Structure formats: C-alpha cells, structure tokens
Amino acid sequence: MTTLGLIGSGNIGGTLARLAVAAGIDVVLSNSRGPETLAELVDELGERARAGTTAEAAAAGDIVVVTVPLKAYQAVPADQLVGKVVIDTNNYYPERDGEFPDIEAGVATSSELLQRHLPRSRVVKAFNNIYFEHLASLARPEGAADRTTLPIAGDDTEAKTAAAQLLGTLGYDTLDIGPLSESWRTQPDTPVYGSPYTASEPFWESEARPADTETVRKAVDAAER
Ligand SMILES: NC(=O)c1ccc[n+]([C@@H]2O[C@H](COP(=O)([O-])OP(=O)(O)OC[C@H]3O[C@@H](n4cnc5c(N)ncnc54)[C@H](OP(=O)(O)O)[C@@H]3O)[C@@H](O)[C@H]2O)c1
C-alpha cells in the first residue's frame, strides 16, 4: 500500500497522517471545510502529503480511514470507496452525535451503521479506543519489546489482514476481536477504552504506557453490555 486516504483530519486523522508519513506512506487529507483549510498540516507533513475533497481522498487511498464525528458518517462518499478497505475510528457520543436508536437498542454498532452506508466497501474498526496523544507516542517499530496492541474488528478476514498490516507499519500490533457486531466491546466506557494505555486515570490526562496483547485481550473480554 502506498497511499492512505483520510476522511477527517482532526486529532485522530492528523495523528494517523503523521504516523503514515513517518512510515513512508503518502497521505491525502480531507475535512468538511475544504482542502485549503488543511494547508498548514500539509506543509508540516511535507512532500508525502496533499489535501483534497473527501471524494478525492476516498478515491486516492489504497486504504481509507473515516475519522469524523459519527453524526457525519452519511457524508462519507460511498462511490469512491467501492471495493476498498475502510478503517473506522468512530465512537458514539449521543451528546455530540444525537441519538441513534439502533445503537441505543444494541441492534447495531456504530461501525455497522458505517458498513450499511458503504455496502460495497469492507469496514474495519480500529484506533477508536486510544486517545490521540497516546496513539502518537506509543507507536514502535515492528519487533520492539514495548510494542502496543490495538483491537480490530471487521466482517471480512482479508480486510482485517490488510488493516493489521497497515497498523503494523504505523507502529502497532493488533488483536482481532471478531466481526463488527462485537465492536461494542471497544466503545466508550468499556475496560479497553483508553485505560490500558496509561497507568492512571483519567487516561486523557495521563502519560502513555504500552499495553501488550494479553493486557488488551483481558480488557476486551471484561466488557459488559
Ligand atoms: N480524539 C481522540 O482521542 C479519539 C480517539 C479515538 C477515536 N476518536 C473518534 O474518532 C473520530 C474523530 O475524532 P477526532 O478527535 O479526530 O475529531 P476532530 O478532531 O473533531 O476531527 C474531526 C474531523 O472530521 C472532519 N469532519 C467533520 N464532519 C465532516 C464531514 N461531514 N465530512 C468530512 N469531514 C468531516 C472535521 O473537519 P472540519 O474541521 O473541517 O469540520 C475534522 O477534520 C470521532 O468519532 C471520535 O469520537 C477520537
């Protein structure tokens, strides 16, 4: 894979863009306000980065990350993502996103909603359970003793393999937790949300701490509906 497309270039999108460029991957950034508003970030990232419309970022990416507030998921361009692996970092915060009845009822996870919106793409949930500053600081080269593990979920095995390869290149090991229907196990307020990656709480005010696969597996298994 040579190009990562980003739909959303905020805290998580910007962090992933920096990790990708550091790993030698080209990035195409996008947001809701237009490419010109991303000039500063593109400038910081250098020649591997450019900005485009969301449709351009979707079309350019070998893999595309959707990293917008959940309330905006229906604005993600579907046609340009046909056949592609789409990584979904979204979390559901009703106070920010409004209420989604299917999520409230436990009928669908937020990633299943995105998968419904992108029926001809293969959605993999990843990066949603780690604070963006920790995502930036815990990346390690393959084989490092203190590599951190992130959970992934998805309905397509090949897509999960591709996502795991990307995460590996960006600096993370992965733990496959099953289909998208299981991704509630990594949503806000579950044991694997934020906390495994710091020694103290609240996690967003604490320094990052690496978490290995066993730590992450235990936290995922401890989730309760
Ligand atoms: N912050 C974290 O540590 C963290 C960790 C894990 C997961 N997440 C989740 O990941 C997602 C992104 O979080 P974030 O913290 O990166 O958010 P953020 O900093 O607010 O950035 C959101 C990005 O989405 C873009 N966006 C919003 N509506 C859009 C639309 N209709 N079309 C295209 N782009 C749109 C924004 O562009 P404009 O600025 O131009 O509107 C911005 O670039 C959220 O679902 C969040 O819950 C966040």
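Taking my numbering, the leading residue of the sequence shown gets 1, the next gets one more, and so forth.
We put the beta carbon where it would ideally sit given N, CA and C, even for glycine.
Only a predicted model underlies this, so the values are computations on that prediction, with no experimental measurement involved.
- Under the criterion of beta carbons closer than 8 Å, residue 194 and residue 129 qualify as touching, at roughly 7 Å.
- One Cα belongs to residue 21, the other to residue 135, and the distance between them is close to 15 Å.
- Residue 204 counts as exposed, since fewer than 16 other C-beta atoms from the protein chains shown sit within 10 angstroms of its C-beta.
- Within 10 angstroms of the beta-carbon of residue 189 lie fewer than 16 other beta-carbons, which makes it exposed.
- Take residue 2, set aside five residues on each side of it, and the residues of its chain with a beta-carbon closer than 8 Å to its own are 25, 26, 62, in chain order.
- Residue 217 is positioned such that its CB atom lies no closer than 8 Å to that of residue 150.
- Residues 66, 73, 76, 86, 88, 90, 123 of the same chain have their beta carbon placed closer than 8 Å to that of residue 114, with the five preceding and five following residues left out of the count.
- Judged by their CB atoms, residue 220 and residue 186 are nearer to each other than the 8 Å cut-off.
- The distance from the Cβ of residue 64 to that of residue 57 is about 7 Å, consistent with a contact at the 8 Å cut-off.
- For the 8 Å CB-CB criterion, residue 110 and residue 70 form a contact.
- In this structure, DSSP gives residue 197 a helical state, which the three-state scheme calls helix.
- By a beta-carbon distance limit of 8 Å, residue 121 contacts residue 82. Their separation comes to about 6 Å.
- For residue 12, the enclosing alpha helix (DSSP H) covers residues 11-22.
- Taking all protein chains in view, the Cβ of residue 148 is crowded by 16 or more other Cβ atoms within 10 Å, so the residue is classified as buried.
- For residue 84, there is no enclosing alpha helix (DSSP H), since its DSSP letter is neither H nor E.
- Listed in chain order, the non-local C-beta contacts of residue 163 below 8 Å within the same chain comprise 63, 85, 87, 124, 126, 152, 154, 174, local neighbours out to five positions each way being set aside.
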